[in-house]
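To start, the structure itself, in structure tokens.
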Amino acid sequence: MQQFKTESKKLLDLMINSIYTNREIFLRELISNASDAVDKLYFRSLTDSSIDISRDNLAINLAYDKVARTITVSDNGIGMTKEELELNLGTIAHSDSFEFKAENAEKDTADVDIIGQFGVGFYSAFMVGKRVRVVSRSYTSDQAWAWESDGVEGFTIEAADRAECGTDVIIFLKDNTDDERYDLYCDEFGLADLVKRYSNYVRYPIKLECTVSRMKPRPEDAGSDYTPEFENISEVRTINSMIPIWKRKKSEVSDEEYAEFYKSDFHDWEDPARTISLHAEGSLTYDALLFIPAHAPEGIYTRDFKKGLALYSSNVLIMDRCEELLPDYFNFVRGVVDSQDLTLNISRETLQHNGQLKAIARRIEKKIKTELASMRDKDREAYEKLFASFGMGMKYGVYADYGVQKDLLVDLLLFYSAKHQKMITLDEYVAEMPEGQEAIYYAYGESREHLAKMPIVNAVLAKGYDVLLCNEGVDEFCMMSLGGYGGETEGAVNKPIKNVASEDLGLETEEEKAAAEAMTSENEELLGIMAEALGEKVEKVVVSAIVTDAPAVLTTEGLMTLQMAYMLRRTPGGMEDAPECRVALELNAKHPVFGTLKAAHAAGDDAKVKLFAEILYDQALLVEGLSLEDPIAFAQKITTLLK
């Protein structure tokens, strides 16, 4: 027995048990090696007239023997001599494919697609096999050789027989254990499933003897009541698709074909809302086929949801979901990216973090943005449906990472217009702003229906200004991150975005502001008693300059609104670093309740004034859509007032 050309068996153990984490990829690796061997022979035939082959006859064959518990991967490719077997399989991490690519780097290999790079894929066979036998015959020789090893210490090489050039890899499966059923791979359906999953788009036919059912010929004497009979027969079939749909030009693929591929590969029952086909060549070559689903995948807004695109390298599946290819705000996009330029690690299961992947991700992001913007402008109904499913993620994308992506996403956002009672963009809002409007106004609460009835919202609408009704948890943070918006017109000036619950809306005229200040000063003692009754709940009690139909409203100063404070309070630990919420109770001096307050104060009934203050505060909270800390106490105050 010859020893492996390494210092110890520890390296071999690393190759077999540590580099690969998923046992079932052994077949992917062996098929990729077989594809390389076939490609090499085809490439040699282009310059060597003595090699008489037809590309139509080049193939990879799979076979299994349930009794012997073996799996065989065969090719009719370039094959190996005795010396090459010893070099390629006896030296761990030696890659004949890598050397082939280096030697022919200057030649035209456009029609050849060498997959292997590192020379360790073969050893994945030992994850499922207790012994591996390789029978190979080089295209330059009439003699075949057999390499055999148990993957522990070393290997043997002996003369063998093979009718033509090529290689057979025979895996003798390990015995089953309580944790692993290795004979599951020694099965027609098990092998076909692995091929479909990982090697479906290898460019050469992968053939397997399959059991098929066919109808028996109808007997000549069969009567009218004859029932057709079926029989099972064995038939060699090609089980891979070979040509991936994403490498075909969009003009050559029908919408029905795209939809069928999407539904089949991504397990959806509905056609995609949009299909995006990308083909890039140059410094970075890749093909991508992306789908925007018509509805939200299950659990998309949960921690367990996994985003990402299926990543292929030279038609071989590397990762089911490569997260690095999609930003979180486009996590709903499904699809495939295939590039032979990616730098993979030696197991091909994970990627090196490099500029290649980031460059592809940036281009994909830009293409998705362009497609969504086109959908928004040309098929608004479909876009609004899509935004209802995925808009919350885009809004979160504005807020995440300190607003770094807000310029990319802002024109994709939709908000409900109280004025037009439909979804609009911020650009559409700005385009309709009347002269003199200095800000973009929005209201935040749990439902649009409730927000539309709020006195302050109606007061803003009465001024002729639209209000965006926001009822998703992320809306407040999204608006805060945007800060302002000026529209897409060149040279447009940003308009600040303000919550209608803010104190500095700027809606009042100078006359209204002066009148409110005078009324506040005139009733300073009354307002002071009310502020004292409310204590730390409010910063101050003043007369409002904005006329509404409510006796009182609550406003806030600064970034923290009542709604945001309430939401953070419901989040465990959320209030620890939150800014202080500075609340003001603003009274409507034109409302009859204000006259009642003045009369009680004039009569020296400060207890009634304090009771009114607490009731007005709680009432204003309810109008804001917020819950009371003590509803029973509120009910008791109302009862006291009614006595």
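Note that numbering that gives the first Met the number 0 gives residue 102 to position 103 of the sequence shown, counting from 1, and the numbers run on in steps of one.
Beta carbons: idealized from backbone N, C-alpha and C, even for Gly.
Same chain, Cβ closer than 8 Å to residue i, five either side skipped, listed in chain order
i      : result
Leu84  : Val133, Ser135, Trp144, Trp146 and Ile156
Gln1   : Glu85, Gly89, Gly153, Phe154, Thr155 and Ile156
Glu269 : Lys262, Pro292, Ala293 and His294
Glu6   : Confidence is the limiting factor: at Glu6 the pLDDT is only 43, short of 50, which leaves the residue's position unreliable, though a coordinate-based value still follows. Excluding sequence neighbours, Glu6 sits near nothing in its chain.
Glu256 : Ile244
Glu672 : Lying outside 0 to 642, the shown extent of the chain, residue 672 is not represented and no answer is given.
Reference residue i; option with closest CA among the options
i      : options                           : result
Asp503 : Met374, Ile439 and Glu521         : Ile439
Ile169 : Ser137, Asp74 and Ser240          : Asp74
Gly463 : Ser313, Leu533 and Pro433         : Pro433
Ile242 : Thr139, Lys215 and Pro204         : Pro204
Ala530 : Val541, Ser520 and Glu521         : Val541
Ser240 : Lys206, Ala272 and Ser253         : Lys206
Asn60  : Glu208, Lys305 and Asn231         : Glu208
Gly485 : Leu584, Glu509, Thr424 and Lys536 : Thr424
Val211 : Glu445, Arg236, Val336 and Gly392 : Arg236
Val499 : Ser480, Trp245 and Ala458         : Ala458
Asn587 : Glu448, Ala601, Leu289 and Ala619 : Ala619
Gln339 : Tyr257, Phe414 and Tyr311         : Tyr311
Lys366 : Phe414, Asp35, Leu277 and Asp47   : Leu277
Glu323 : Arg302, Gly298 and Gly354         : Gly354
Leu625 : Tyr443, Arg375, Phe229 and Leu468 : Tyr443
Asn493 : Phe125, Val201 and Asp406         : Asp406
Ile232 : Arg320, Arg213, Pro296 and Arg362 : Arg213
Asp327 : Val397, Asn470, Ser53 and Thr508  : Val397
Tyr41  : Ala124, Lys65 and Gly165          : Gly165
Glu437 : Asp426, Glu448, Ala451 and Pro495 : Pro495
Neighbour-count burial assignment, residue i, 16 or more Cβ in a 10 Å radius
i      : result
Ile455 : buried
Leu621 : exposed
Pro292 : buried
Glu28  : buried
Thr519 : buried
Tyr401 : exposed
Asn314 : buried
Gln420 : exposed
His600 : buried
Val409 : buried
Ile113 : Below a pLDDT of 50, predicted positions are generally treated as unreliable, and Ile113, at 44, falls in that range; no measurement from the model is reported.
Asp617 : buried
Pro550 : buried
Asp224 : exposed
Arg375 : buried
Thr508 : exposed
Asn330 : buried
Asp548 : exposed
Leu356 : buried
Glu585 : buried
Thr176 : exposed
Arg43  : buried
Cut-off 6 Å between Cβ atoms - residues of its own chain near residue i, not counting five sequence neighbours on either side
i      : result
Ala279 : Tyr285
Tyr395 : Val473
Ala62  : Thr71
Thr108 : Confidence in Thr108 is poor, its pLDDT being 47 and thus under 50, which makes the residue's placement unreliable; the coordinate value appears in the next sentence. Cβ neighbours of Thr108 beyond the five flanking positions: none.
Val194 : Ile205, Ile238 and Asn239
Limits of the alpha helix (DSSP H) - the one that residue i falls within
i      : result
Ser312 : No alpha helix (DSSP H) holds Ser312; the beta strand (DSSP E) holding it covers Leu308 to Ser312.
Asn56  : Unbroken run through Asn56: none, as it is neither H nor E.
His278 : Run containing His278: none in the alpha helix (DSSP H); it sits in the beta strand (DSSP E), Arg273 to Ala279.
Ser31  : Phe25 to Thr46
Ile291 : From DSSP, Ile291 is part of no alpha helix (DSSP H) but of the beta strand (DSSP E) over Tyr285 to Ile291.
Lys607 : Asp605 to Val622
Beta strand (DSSP E) segment containing residue i, residue limits
i      : result
Gly463 : First-last for Gly463: undefined, no H or E at that position.
Met318 : Val315 to Cys321
Phe154 : Gly153 to Ala159
Leu172 : Gly165 to Leu172
Ser233 : Phe229 to Thr237
Cβ neighbours of residue i in the same chain (closer than 7 Å, five flanking residues each side left out)
i      : result
Arg68  : Phe171, Leu172, Asp182 and Cys185
Ala58  : Asn75, Tyr203, Pro204 and Lys206
Ala191 : Leu207 and Ile238
Pro271 : Ala258, Tyr261, Phe290, Ile291, Pro292 and Ala293
Lys305 : Arg320
Leu371 : Leu411
Ser526 : With the sequence shown as reference, residue 526 is identified as Leu, and Ser is not the correct amino acid for it. Counting only Cβ-Cβ distances below 7 Å, and skipping sequence neighbours, we find Thr519, Val540 and Val541.
Asp605 : Ile528
Ala124 : Phe25, Leu29, Val131, Val168 and Ile170
3-residue-minimum beta strand (DSSP E) runs that sit fully inside the stretch 460-540, ordered along the chain: Qualifying beta strand (DSSP E) stretches, in chain order: 466-469 and 494-498.
Output the residue ranges of the beta strand (DSSP E) runs that lie fully inside the stretch 369-422 and measure 3 residues or longer, sorted by chain position. With a minimum length of 3 residues, the continuous beta strand (DSSP E) runs that stay inside the stretch 369-422 are 414-416.
Which full runs of the beta strand (DSSP E) of 3+ residues lie inside the stretch 187-218, going along the chain? Correct list: 205-214.
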